[in-house]
Amino acid sequence: MNRLTPLEIQRATFARKLRGHDPDAVREFLGEIAEQLEEEARARGELRAQVARLSQEVEEYRQRAGAVDEALATAQRTAEATVARAEAEAQRIIADAEALADRVVDDAARRAENIELVVGQLRGRRRAARAELKRLVEVLGGAARDDELAEQRASESPTVSFLRRCSGDAKGER
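For reference, each letter of the sequence shown is one residue, going 42 to 215 in this note's numbering.
Here's what the structure looks like:
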């Protein structure tokens with residue numbers, strides 16, 4: 042059977058028979074049924090429109106959720122790549138710093154060895170200079186003693202000698 046529309050229900054006519062139903066009451070009842078069907082049809086139409094609108098919103102939310110999921114995945118990949126680059130850079134910086142520290146320590150050790158060598162050489166020169174100074178003191182002391190002795194000897198003997206004339210006959214002898 043085909044679906045009846047509210048208008049068809051309102052216009053429906055029936056053959057009259059004896060002892061039938063009151064035609065006004067039947068028309069009134071059919072009118073009420075038609076109104077209810079019309080209201081239900083309108084409500085179904087509104088519900089279908091609402092379902093369509095909500096389905097469209099759900100689809101939009103699904104698309105947004107997909108875009109958000111994609112953005113989150115991209116952000117996660119970017120974050121992981123950034124962390125990996127940062128860790129690699131940190132390892133490189135640490136390795137460079139350790140290498141520099143090793144060079145600085147080695148350089149400092151070499152300088153300390155050189156300083157120790159120079160200090161040893163300076164101590165040797167100091168000892169040599171002290172020995173030379175002592176030798177010079179002894180030499181000067183000896184020279185001073187020799188000078189004192191020479192002075193004493195010189196004071197014991199006259200420094201000026203007088204020439205004496207000899208007699209005439211000694212003159213010719215000469």
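The beta carbon of each residue, even a glycine, is placed where N, CA and C say it ideally should be.
Bear in mind the structure is a predicted one, so any value in this text is a computation, not a measurement.
Spatial neighbours of residue i in its chain, beta-carbon cut-off 7 Å, leaving aside the 5 residues before and after
i, result
"Ile-74", "Ile-50"
"Leu-272", "As displayed, the chain neither begins before 42 nor continues past 215, which places residue 272 out of reach and without an answer."
"Ala-53", "Leu-71"
"Asp-137", "none"
Cβ-based neighbour list, residue i, same chain, cut-off 6 Å, excluding 5 preceding and 5 following
i, result
"Arg-133", "none"
Candidates the options, of which the one nearest residue i by Cα
i, options, result
"Glu-76", "Pro-47, Arg-60 and Ala-56", "Pro-47"
"Glu-81", "Leu-45, Arg-60 and Glu-100", "Leu-45"
Quiz item: Can at least three beta-carbon pairs, one atom from the region 101-109 and one from the region 67-75, be found at a separation below 8 Å?
Solution: no
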